[in-house]
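Okay, so the sequence shown: first residue is 93 according to our numbering, each after it adds one.
Since the structure comes first, as structure tokens, the remarks are kept for the end.
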Amino acid sequence: MRTRSVTVLLVAALSGLLAACAGQPGGSESDPTATELPATGTPEPSLTLPGTPPVPPPVSPPVSPPVVPPPPTGKPGLVTLTGEVYAGVEMGCLLLATGSGDYLLIGSAAGPLRSGETVTVRGQIRADLATTCQQGTPFEVSEVVD
Numbered sequence: 093m094r095t096r097s098v099t100v101l102l103v104a105a106l107s108g109l110l111a112a113c114a115g116q117p118g119g120s121e122s123d124p125t126a127t128e129l130p131a132t133g134t135p136e137p138s139l140t141l142p143g144t145p146p147v148p149p150p151v152s153p154p155v156s157p158p159v160v161p162p163p164p165t166g167k168p169g170l171v172t173l174t175g176e177v178y179a180g181v182e183m184g185c186l187l188l189a190t191g192s193g194d195y196l197l198i199g200s201a202a203g204p205l206r207s208g209e210t211v212t213v214r215g216q217i218r219a220d221l222a223t224t225c226q227q228g229t230p231f232e233v234s235e236v237v238d
């Protein structure tokens, strides 16, 4: 008996909605004096019936980090980089801006370098290191060439 009451109420509500829509511009009745209202860009409300599962939002593909090509190498295992030294956003962090990316200068041989200098350094890329500087690819300087 309860199911029948719910069904009757649902049919009555839908009939009322259809009747209300029939009198609106663009409805099923034609009224020559009715004028079309401009679209507002707002989507029409939708009727969600009980028991209908929600539709999950679309999933965005993961963003992969940019690929930095390796710089040219001199001796095996050692890399030579040339660029301009600049201060990082964290205190005490020096970076080298090169054509192939920015490198965080680490190691005791990088100590005398100053922001604004154009230098050539030799050493090893240490992408396996985590640093507090949070910028550039770590580069362990073994010597300052120029």
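We put the beta carbon where it would ideally sit given N, CA and C, even for glycine.
In this text, all values refer to a predicted model and were calculated from it rather than measured experimentally.
Would you mind stating whether residue i and residue j have Cβ atoms separated by less than 8 Å?
i: E232; j: G193; result: no
i: A189; j: V236; result: no
i: G203; j: V171; result: no
i: L187; j: L205; result: no
i: T224; j: E182; result: yes
Express the C-alpha separation of residue j and residue i in angstroms, rounding to a whole number.
i: G184; j: V151; result: 40 Å
i: T229; j: Y195; result: 5 Å
i: L173; j: V211; result: 8 Å
i: S207; j: V147; result: 54 Å
i: V213; j: G180; result: 18 Å
i: P149; j: E209; result: 50 Å
i: G191; j: E176; result: 10 Å
i: L221; j: G169; result: 16 Å
i: S234; j: I217; result: 11 Å
i: D238; j: L197; result: 15 Å
i: A219; j: P142; result: 54 Å
Got a sec: does the ligand FAD put a non-hydrogen atom nearer than 7 Å to the Cβ of residue i?
i: V233; result: The model depicted lacks the ligand FAD and carries no ligand whatsoever.
Of all the options the options, which has the alpha carbon lying nearest to the alpha carbon of residue i?
i: Q227; options: D238, P148, Y178, G208; result: Y178
Check the DSSP bridge columns for residue i and list the partner residues they point to.
i: A179; result: L186
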